[in-house]
Amino acid sequence: MERHHRRINNKKRRTLIAAYKLPGASGKHAALPLDIEDDFNAAVVNNGVISFAEGLSGLNREYVRKSYLLASSYVSDVLKVPRGTERWYDEFIKVMVSLGWLPVRSRFERVSRSGKGLTVQLAALNIIAALLASTSLSGHLLSVLPKLAADALEALKQAPGTFELFKRNSAVHQGGDFGLASCAETDSELMMVLVTYSSHGVSKQVGLPFLEWDSSSFEAFSGQTCLVLNTSVVNEKTIQLMRESAGDKVQSAIAKYRI
């Protein structure tokens with residue numbers, strides 16, 4: 003089912019960011035320098051894997067990471083909405099809208115089971131490709147963004163510490179849940195193509211991370227959205243506000259790496 007949302011003005015956005023304070027956040031990170039002087043083009047943020055196309059500034063990458071962190075953490079840790087559910091997805095999108103993102107396409111649905119042997123990773127990548135194909139994006143991004151997501155997952159497996167963080171964060175009781183996003187910048191807008199993939203009430207496939215499970219062996223659900231953000235929203239003051247509201251999760255729930 004498609005969702006439609008309105009943009010929020012800057013004054014109201016900053017008020018909402020302050021209200022999205024996570025448990026234990028005290029504002030002590032306000033004086034820390036912004037984390038924008040690097041060339042990392044991928045990151046694990048909570049249970050999400052986010053990749054960045056060439057051309058995004060450090061400030062824009064920082065805004066993407068912090069907005070995803072704050073939105074996903076607020077819904078899970080403050081609202082206490084069970085992860086992987088349609089309600090979680092809806093509340094997550096609401097917070098992202100408050101942070102300046104506008105969904106031009108958004109839905110949550112049951113995933114059709116594929117042939118035996120198709121891993122969760124491949125199933126999620128297929129969903130991203132299908133989502134992009136349904137948009138009006140240019141041919142260049144249609145090919146770049148799915149490959150970027152695939153490369154980010156493969157590079158993640160070569161970064162043991164970061165992969166362990168992702169495995170812990172993507173595990174839920176009797177199942178798994180993660181997000182996969184690719185980001186690009188075009189015409190003064192940031193774009194994030196995001197797919198969530200989740201399963202509950204199934205026995206874990208022993209010894210395998212959720213990405214490697216056989217997707218045909220259980221029922222799964224997916225949230226799918228294309229979010230856009232006007233880059234005029236991105237500034238150091240707003241990012242500092244998000245850091246203050248996120249508290250310790252700024253350090254504990256984000257791990258950057260290179261593809």
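So in this note's numbering, the last one in the sequence shown is 261, and the numbering has no gaps at all. Yeah, the Cβ is synthetic: ideal placement off N, Cα and C, and Gly gets one too.
query                                                                                                                                                                                  : result
Looking only at its own chain, which residues have a Cβ that is under 6 Å from the Cβ of GLY265, when we skip the five neighbours before and after it?                                 : Here the chain has residues from 3 to 261 only, and residue 265 is not among them.
Check for me: the alpha helix (DSSP H) holding ASN12 runs from which residue to which?                                                                                                 : 12-21
Grouping DSSP H, G and I as helix and E and B as strand, with all else coil, what is GLY50?                                                                                            : strand
Going by beta-carbon coordinates alone, are ALA157 and ILE130 separated by less than 9 Å?                                                                                              : no
When we look at the beta-carbon of ALA21 and count the other beta-carbons within 10 Å, is it buried (16 or more) or exposed?                                                           : exposed
What would DSSP say about THR87, mapped onto helix, strand or coil?                                                                                                                    : coil
Which same chain residues, not among the five before or five after ASP79, have their C-beta less than 7 Å away from its C-beta?                                                        : LEU24 and PRO25
Just mark GLU64 as buried or exposed, buried being the case when its beta carbon has 16 or more other beta carbons within 10 Å.                                                        : buried
Drop a sphere of 10 angstroms on the beta-carbon of ARG245, count the other beta-carbons inside from all chains shown, and report buried for 16 or more, exposed for fewer.            : buried
For PRO25, does the three-state DSSP call read helix, strand or coil?                                                                                                                  : coil
What is the DSSP secondary structure of PRO148, reduced to helix, strand or coil?                                                                                                      : helix
Kindly indicate which three-state DSSP category PRO162 falls into: helix, strand or coil?                                                                                              : helix
Between SER53 and the ligand MN, is there a pair consisting of the residue's CB and a ligand heavy atom that are separated by less than 8 Å?                                           : Among the components modelled here there is no ligand, and therefore nothing to report on the ligand MN.
Would you mind giving the Cβ-Cβ distance between VAL51 and ALA257, rounded to the nearest angstrom? I have them listed as a contact below 8 Å.                                         : The pair is not a contact, with the Cβ atoms about 10 Å apart (cut-off 8 Å).
Per DSSP, what kind of secondary structure is THR240 in: helix, strand or coil?                                                                                                        : helix
Can you tell which of SER190, ILE261, GLY203 and SER254 has its C-alpha closest to the C-alpha of ARG170?                                                                              : SER254
Just curious, the beta strand (DSSP E) that ALA186 is in, first and last residue?                                                                                                      : 177-188
Per the DSSP calculation, ARG109 is bridged to which residue(s)?                                                                                                                       : GLN226
Please work out which residues of its chain come closer than 6 Å, Cβ to Cβ, to ALA54, disregarding the five sequence neighbours upstream and downstream, and give them in chain order. : It should be pointed out that residue 54 corresponds to Phe in this sequence rather than to Ala. So the qualifying residues of the chain are ASN43, ARG63 and CYS185.
How about ALA248 and LYS68: do their beta carbons lie closer than 9 Å?                                                                                                                 : yes
Under a Cβ-count criterion, where at least 16 other Cβ atoms within 10 Å of its own Cβ denotes burial, should LEU243 be classed as buried or exposed?                                  : buried
Quick check on the burial criterion: 16 or more other C-beta atoms within 10 angstroms. Buried or exposed for ASP179?                                                                  : buried
What are the start and end residues of the alpha helix (DSSP H) that includes TYR259?                                                                                                  : It is not in any alpha helix (DSSP H) - TYR259 instead sits in the beta strand (DSSP E) that spans 256-259.
Taking 9 Å as the cut-off, decide whether the C-beta atoms of GLN226 and GLU88 are in contact.                                                                                         : no
Excluding the 5 residues preceding and the 5 following LEU231 in the sequence, name in chain order all residues of the same chain whose CB lies nearer than 6 Å to its CB.             : GLY102, TRP103 and LEU192
Is the beta carbon of PHE220 closer than 9 Å to that of GLY177?                                                                                                                        : yes
Near TYR91, which residues of its chain fall below 8 Å by C-beta distance, leaving aside the five closest residues on each side in sequence?                                           : PHE110, THR198 and GLY225
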